[in-house]
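Q: Counting from 1, one number per residue, gives the positions in the sequence shown under this note's numbering.
Note that CB positions come from ideal geometry on N, CA and C, so glycine has one too.
Here the structure is a predicted model, which means the values were calculated and not measured.
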Amino acid sequence: MCGIIGYVGHQEASAVIVEGLRRLEYRGYDSAGVAILNGGIHLRRAVGKLINLADSLAALPLNGSVGVGHTRWATHGRPTEPNAHPHVVGRIAVVHNGIIENHHQLRARLVADGHVFSSETDTEIFSHLINAGVSKGLSLEDAVCAATKDVSGAYAIAVLDVDHPECVVVAKQQSPLILGVGAGETFCASDIPAILMHTRDVIFMEDGDMAILTRDGYELRRFETGIKVERAVTRIEWSAVAAEKDGYEHFMLKEIHEQPRAITDTIRGRISMADGDVYSEGMEITREDLANLRRIVIIACGTSWHAALIGKQYIEEATRIPVEVDLASEFRYRNPIVDSRTLVIAVSQSGETADTLAALKESQRRGARAAAVVNVIGSSIARAAGNVLYTHAGPEIGVASTKAFTTQMAALYLIAVRFGRILGTLNADQGRALLTDLLAVPGDVARAIELSGAARDIAKTYVGATSALYLGRGLLHPIALEGALKLKEISYIHAEGYAAGEMKHGPIALVDEFTPTIIAAPRGPTYEKTCSNLQEVAARGGAVIAIGDEDDDELRSMADAYLPVPRSTPWTAPFVSVIPMQLLAYHLADLKGTDIDQPRNLAKSVTVE
Ligand code: F6R
1 MCGIIGYVGH
11 QEASAVIVEG
21 LRRLEYRGYD
31 SAGVAILNGG
41 IHLRRAVGKL
51 INLADSLAAL
61 PLNGSVGVGH
71 TRWATHGRPT
81 EPNAHPHVVG
91 RIAVVHNGII
101 ENHHQLRARL
111 VADGHVFSSE
121 TDTEIFSHLI
131 NAGVSKGLSL
141 EDAVCAATKD
151 VSGAYAIAVL
161 DVDHPECVVV
171 AKQQSPLILG
181 VGAGETFCAS
191 DIPAILMHTR
201 DVIFMEDGDM
211 AILTRDGYEL
221 RRFETGIKVE
231 RAVTRIEWSA
241 VAAEKDGYEH
251 FMLKEIHEQP
261 RAITDTIRGR
271 ISMADGDVYS
281 EGMEITREDL
291 ANLRRIVIIA
301 CGTSWHAALI
311 GKQYIEEATR
321 IPVEVDLASE
331 FRYRNPIVDS
341 RTLVIAVSQS
351 GETADTLAAL
361 KESQRRGARA
371 AAVVNVIGSS
381 IARAAGNVLY
391 THAGPEIGVA
401 STKAFTTQMA
411 ALYLIAVRFG
421 RILGTLNADQ
431 GRALLTDLLA
441 VPGDVARAIE
451 LSGAARDIAK
461 TYVGATSALY
471 LGRGLLHPIA
481 LEGALKLKEI
491 SYIHAEGYAA
501 GEMKHGPIAL
511 VDEFTPTIIA
521 APRGPTYEKT
531 CSNLQEVAAR
541 GGAVIAIGDE
551 DDDELRSMAD
561 AYLPVPRSTP
571 WTAPFVSVIP
581 MQLLAYHLAD
591 LKGTDIDQPR
601 NLAKSVTVE
């Protein structure tokens, strides 16, 4: 999992590349490098964050208008300078995002043939293979094609050749890669924000595509056959500043504040109040299709999995079709029972999570119908599923997912209503009522975000805690899991999320005065039971931070600290309840001084299995 970028044009390539890498740093940030073609390959690499590379280039610039760059998240080989990309062998420099699965065999073969490796990476295999190809007289593009025939696994590569100083050659298989077309300049990158300040005209490469980039444009071919192909140019409407921080100290805080707008964008144009129904363009399914289903399986990872757990409850309630939720990384390895009467819905912010993509493809191979809830347009999961409801959250840069989560819940809410209306398990009045509730969510979420100051005050009290418990029931159980995940990943405080009723079956032993319990208890079907769980914690000397209705003075009086949220319905309670948890995690992390947008050991887009 890494970010790559390539440039051929009239600007200083190193400046374009470093700026692009800055916007790709969310993909990994343990080392970075750049190679510039200018009478030879000029290489600069640095361990650690991109700033180290930028400083080194500022001190000793590399000039030239053709180059490639890379920001790394180590998979094969430690984060050291020799392992940082680009990898240069002979005439060739390569940057790579992905994993070469047969790298052991290929490396052994190359070593036996006399090749000497200078890194521990799988990527260097590409450099050796391509350099061997061009040394034997193959053209650069034929050498790249030949290398792709040897390599199995996932890759997006960008290649420089000293003997072709006016071009960059790229190839894509299972890792994301886009091209950008500018005036007298051409780009490639792992993701759109990397090139958005230069061009809005983007081509999404398909698996098996390679391209030759020159100042005048690009030529796309299939690398199996060499046959030229055309791909549509998509005009990207995001502004470059949409991917910037907008004055907030961190992307995460900005993205927390964006949620009212993001949720509005998810539901915008999709609601028909007259029919109490949803227009789910992109996610087409007929009554016959739905009636034929035996079950629905939702697959996802991490935060998206938490959204899926909520989606399950929405869809089951609306349709009475059994819904199973599975971690993509488990599903794909356990001979899952799916067939043509199963609908598999993949949920993913990035649309690039390797396990989710593989699980989706495995279900399709077994004959399942496929659909996806995805944020990133044109991403691999969106393209594999075909049937997609986009969340339209906009770029999420903070590694800890916030607006992606609430927009995924909103999308799944819409799907539940749509399916219920198609099947007739919801009548128009019921659909209308649920949609009216959903339309109130952006406003309620905006009010919940006003709790930021209160959350910071509470964080000051608990900044020394080393462990925390999160509790909720029903639709708020996944919210407890999500609250605990947010706290863990950005503040490094150990946290566990539990179904509140499970407390007395074990976790209550953890309760003491140093372990705060955060409990989501807005009024709803299991309100009284959750209050009892709160009292069980308080009775054992545990500190309780409660999230509840703003007019619930009784609950307020039971808790050590209270985060009052607008009144909600059972289906909208997850939205208003998760906001104070996001804020609490954010402020605890900020007070602890952690790297909130790029927490240690994590990366935004997990394109390794
Ligand atoms: C946590 C987080 C991750 C992602 C997970 C799946 O804050 O962001 O747990 O939710 O890596 O990523 P996507 O949704 O891109 O498939």
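CB Pro566 to CB Glu489, shorter than 7 Å?
A: no
Q: Looking only at C-alpha atoms, which of Ile310, Pro322, Ser363, Glu120 sits nearest to Arg334?
A: When only C-alpha atoms are compared, the closest one is Ser363.
Q: Assign Thr71 to one of three DSSP states: helix, strand, or coil.
A: strand
Q: Spell out the partners DSSP gives Phe187 in its beta bridges.
A: Tyr7, Gly180
Q: Name the DSSP bridge partner or partners of Asn97?
A: Ala156
Q: Using only alpha-carbon positions, find the residue among Arg231, Leu129, Phe204, Asp275 that is nearest to Arg690.
A: Because the chain here runs from 1 to 609, residue 690 falls outside it and cannot be looked at.
Q: Is Ser401 near the ligand F6R, judged by its Cβ being under 6 Å from some heavy atom?
A: Yes.
Q: At what residues does the beta strand (DSSP E) containing Ala499 begin and finish?
A: Per DSSP, Ala499 belongs to the beta strand (DSSP E) from 494-499.
Q: Could you pull out every residue in the same chain whose Cβ sits closer than 8 Å to the Cβ of Leu660, ignoring the five residues on either side in sequence?
A: In the structure as shown, the chain begins at 1 and stops at 609. Residue 660 is therefore absent and cannot be evaluated.
Q: Regarding Val344 and the ligand F6R, is the C-beta to nearest heavy atom distance less than 6 Å?
A: no
Q: Within 6 Å: the Cβ of Cys301 and any heavy atom of the ligand F6R?
A: yes
Q: Which residues bound the beta strand (DSSP E) around Leu43?
A: 41-47
Q: Using 8 Å as the threshold, is the region 385-397 in touch with the region 368-377, meaning 3 or more CB pairs across them?
A: yes
Q: Taking Arg341 as the reference, give the member of Glu316, Leu290, Ser280 with the closest Cα.
A: Nearest option by C-alpha distance: Leu290.
Q: In this structure, how does DSSP classify Tyr413 when only helix, strand and coil are distinguished?
A: helix
Q: Opposite Thr517 in the DSSP bridges: which residues?
A: Leu469, Val544
Q: Under 7 Å, do Ile41 and Val162 count as touching if we go by C-beta distance?
A: Result yes, Cβ atoms of Ile41 and Val162 sit closer than 7 Å.
Q: Work out the CA separation of Ile545 and Arg556 for me, nearest whole Å.
A: About 9 Å.
Q: Closer than 8 Å is the cut-off here; do at least three beta carbon pairs connect the region 346-362 with the region 301-319?
A: yes
Q: Considering only the beta carbon of each residue, do Ile518 and Gly483 sit closer than 7 Å?
A: By the CB criterion at 7 Å, Ile518 and Gly483 fall inside the cutoff.
Q: So if DSSP puts Val151 in a beta bridge, which residue, or which two residues, is it bridged to?
A: DSSP, once it has assigned bridges, lists no residue as partnering Val151.
Q: Can you list, in chain order, the stretches of the beta strand (DSSP E) that have 3 or more residues and sit fully within the region 302-334?
A: With a minimum length of 3 residues, the continuous beta strand (DSSP E) runs that stay inside the region 302-334 are 323-327.
Q: For Ile263, tell me which candidate among Asp553, Ala440, Leu563, Glu324 has the shortest Cα-Cα distance.
A: Ala440
Q: Between Tyr155 and Thr186, how many whole angstroms is the CB-CB distance? I'm expecting something under 8 Å.
A: Rounded, the Cβ-Cβ distance is 20 Å, inconsistent with contact.
Q: From Asp590 to Glu502, what distance separates their C-alpha atoms?
A: If you draw a straight line from the Cα of Asp590 to the Cα of Glu502, it is about 31 Å long.
Q: Suppose contacts are defined by Cβ-Cβ distances below 7 Å. Is Ala158 in contact with Val144 by that definition?
A: no
Q: Classify Thr613: buried if its beta carbon has 16 or more other beta carbons within 10 angstroms, exposed otherwise.
A: Residue 613 lies beyond the stretch modelled for the chain, which goes from 1 to 609, so this question has no answer here.
Q: Quick check: Gly680 and Ile236, are their CB atoms within less than 7 Å of each other?
A: A query on residue 680 cannot be resolved here, the shown segment of the chain reaching from 1 to 609 and no further.
Q: Can you find a heavy atom of the ligand F6R that lies under 6 Å from the Cβ of Val606?
A: yes
Q: With DSSP as the reference, label Gln408 as helix, strand or coil.
A: helix
Q: Report the residue ranges of all beta strand (DSSP E) runs contained in full by the region 518-592; include only those spanning at least 3 residues, in chain order.
A: 544-549, 561-565
Q: Out of Asn97, Gly6, Val116, Asp30, which one is the CA nearest neighbour of Gly64?
A: Gly6
Q: Return yes when at least one heavy atom of the ligand F6R lies under 6 Å from the C-beta of Thr356, else no.
A: yes
Q: If you follow the alpha helix (DSSP H) that Tyr462 is part of, which residue opens it and which one closes it?
A: 452-462
Q: Does DSSP put Leu213 in a helix, a strand or coil?
A: strand
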